[in-house]
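Chains as they are written, first to last, in the numbering used here: chain A, 178 to 291; chain B, 300 to 409.
Virtual Cβ for every residue (Gly too), placed ideally from N, Cα, C.
See the structure below:
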């Protein structure tokens, strides 16, 4: 089992560029989410999905789009990158959306926007 | 609002016990979690406790929950160098979200 796979591991963008951070899981998990981790800020929820075709906003959704066309994939899109989006991004999944389902995390994508 | 507070740093001598504290705000949280993050990796679930429990022990780990004060703690007995990591407390307000604290960086002194 690969678990939660994030690509790329590292990315440098110029301000205004767009890109998609990929996330895939092979555990048939219904719930998937994206977090960003910044020094002194901990983990902040960007978007989440409780199943294919369903997405919702988290704490810091501005500047990011998501879609969930399949159970396995949950890509995060930056339409016009800004330096404030420099961060480490983590994708996570869990079996269900109920609070009792622990999250499984990917190893993160480190994004720098210049 | 929803918020989880924890101290940012803790230094402990190897072999001593580490106690990491956390306070949360949502009294309806059903589960409370402790996650561990090692350098360059994502978070891994360490342990969790149901809100109707006061204590949970799992080998070197002891979780204590004080629901009245909304206080959660993680005790690591016989702290080892491999325990050096960032530890995150998390609550589950029950609306499909898990809210994390900012993390406590545990530093092990020789």
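query                                                                                                 : result
Minimum length 3: unbroken beta strand (DSSP E) runs contained in the segment 210-288 of chain A      : 219-228, 231-234, 241-243, 253-255, 264-271
Closer than 8 angstroms to chain A by CB, residue 373/B                                               : no
Top-ranked residue by Cα proximity to residue 358/B, from 377/B, 401/B, 344/B                         : 377/B
Under the three-state DSSP convention, the category residue 380/B falls into                          : helix
Three-state secondary structure (DSSP) of residue 351/B                                               : coil
Min CB distance residue 308/B to chain A below 8 angstroms                                            : no
Contact with chain A by residue 319/B, beta-carbon distance below 8 angstroms                         : no
Delimiting residues of the beta strand (DSSP E) encompassing residue 304/B                            : 303-305
7 angstroms CB neighbourhood of residue 271/A in its chain, flanking five on each side removed        : 206, 208, 278, 279, 280, 281
Proximal residues, the segment 320-343 of chain B versus chain A, C-beta separation under 9 angstroms : 328, 329, 330, 332, 334, 336, 339, 340, 341, 342, 343
Residue 373/B and residue 364/B closer than 8 angstroms at C-beta                                     : no
Under 9 angstroms (Cβ pairs) to chain A, residues found in the segment 346-358 of chain B             : 347, 349
Within chain B, partners of residue 228/A - CB distance below 8 angstroms                             : The premise fails here: residue 228/A is roughly 11 angstroms from chain B at the closest Cβ pair, so nothing lies under 8 angstroms.
Three-state class that DSSP yields for residue 315/B in the structure shown                           : coil
Residue 327/B - DSSP class collapsed to helix/strand/coil                                             : coil
Residue 365/B: first and last residue of the uninterrupted beta strand (DSSP E) it sits in            : 360-365
Proximal residues of chain C, C-beta to C-beta of residue 218/A below 7 angstroms                     : In the structure shown, chain C does not exist; the protein chains are A and B.
Residue 368/B in three-state terms, based on DSSP                                                     : coil
With 16 other Cβ atoms within 10 Å as the buried cut-off, status of residue 406/B                     : exposed
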